[in-house]
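See structure below.
In the numbering used here, the protein residues as written are 299 to 592.
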């Protein structure tokens with residue numbers, strides 16, 4: 299299935315692990331839908347779809363240096379994910395999923411037209427089926443069985459992974475732990491000193507700090523790499539991030555990580571004013587920051 303090529307084995311390993319997670323999720327979802335497994339609680343299948351979409355987004359965004367052929371194989375996985383969503387009788391966001399499927403098929407056909415790839419039987423079958431189910435502007439016929447039959451045409455292909463590089467990062471707050479919290483004043487903004495290391499991240503990438511006390515209280519801070527500097531392969535940055543929403547409490551903990559906008563995703567509404575307009579992939583482990591009032 300894979301032919302990893304040095305000299306960046308860590309990138310090949312990271313890609314392989316991510317790919318295996320995608321396949322495992324596809325297997326779970328397929329088992330639920332195709333065999334009508336009823337062991338999942340209401341909403342659990344949507345959680346699996348959410349995880350699958352995040353993993354596929356990471357495959358597409360966090361690895362560079364892939365050939366057109368390898369990119370097309372990732373597109374095929376996205377097509378499979380769309381078809382599985384359309385197989386669900388209780389499918390939500392049907393038109394959005396159909397639009398994503400049509401867009402991905404168009405990308406594959408464009409790669410074929412420019413001579414970069416050969417279309418697989420699976421892609422050709424999906425392409426033939428799309429006009430039969432209507433258009434995005436109305437008259438769409440919903441037939442889960444028709445989508446389910448398309449899955450039988452899909453087969454796993456080999457990735458060569460020649461020259462692939464992994465976008466990753468690390469985040470640290472010097473001299474901060476539960477015994478040495480940062481000081482803050484109740485109700486006033488606080489400065490968070492950060493040391494950030496980025497690997498293989500272009501200066502054109504749109505990076506954001508996500509700073510969260512909980513899932514409802516989230517603040518984003520934009521990282522302008524053109525100002526912060528550093529080379530493309532390894533960037534080491536020091537940055538002081540302001541957190542404006544300090545609580546009136548004796549102490550609190552922030553969870554901070556670095557996310558990169560996926561510019562190919564549709565623009566979506568965001569809850570935080572001035573935050574990212576596209577979905578994010580997170581390129582470093584989450585860091586806990588401890589603060590105590592003075």
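Yeah, the Cβ is synthetic: ideal placement off N, Cα and C, and Gly gets one too.
Check, Outcome
"Could you please give the first and the last residue of the uninterrupted beta strand (DSSP E) stretch that includes residue 473?", "Residue 473 -> no beta strand (DSSP E), and no H or E assigned at all."
"Residue 370: buried (16+ other C-beta within 10 angstroms of its C-beta) or exposed?", "buried"
"Taking residue 353 as the reference, which of 463, 580, 427 has the closest Cα?", "580"
"On the three-state DSSP scale, how would you describe residue 452?", "coil"
"Say yes only if the C-beta of residue 400 is nearer than 7 Å to one or more non-hydrogen atoms of the ligand ZN, and no if none qualify.", "Summarising the ligand content, the structure contains no ligands, and the ligand ZN is consequently not present."
"Can you say whether residue 583 is buried or exposed, counting buried as having 16 or more other CB atoms within 10 angstroms of its CB?", "exposed"
"Are residue 493 and residue 536 closer than 8 Å when you measure CB to CB?", "yes"
"When burial is assigned at 16 or more other CB atoms within 10 Å of the CB, is residue 531 buried or exposed?", "exposed"
"Please determine, among 376, 403, 367, 523, the residue with the shortest C-alpha to C-alpha distance to residue 460.", "367"
"Counting only runs of 3+ residues fully inside the stretch 533-560, write out the beta strand (DSSP E) ranges in chain order.", "549-559"
"From residue 567 to residue 391, what distance separates their C-alpha atoms?", "Here the model assigns residue 567 a pLDDT of 44, short of 50, so the residue's position is not dependable and the matter cannot be decided."
"Using only CA atoms, which one of 381, 534, 487 lies nearest to residue 546?", "487"
"Run the CB neighbour count on residue 551, radius 10 Å, all protein chains shown included, and call it buried at 16 or more, exposed below.", "exposed"
"Could you spell out the range, first to last residue, of the beta strand (DSSP E) harbouring residue 580?", "578-580"
"Tell me, which residues are paired with residue 509 by DSSP?", "517, 554"
"Would residue 538 pass as a contact of residue 489 if the rule is Cβ separation under 8 Å?", "yes"
"For residue 490, report the span of its alpha helix (DSSP H) as first-last.", "Careful: residue 490 lies outside any alpha helix (DSSP H), inside the beta strand (DSSP E) at 488-497."
"Are the beta-carbon atoms of residue 554 and residue 496 separated by less than 8 Å?", "no"
"Given this structure, state the Cα-to-Cα distance separating residue 373 from residue 343, to the nearest angstrom.", "22 Å"
"Counting only the same chain and skipping the five closest in sequence on each side, list residues whose C-beta sits under 6 Å from that of residue 476.", "588"
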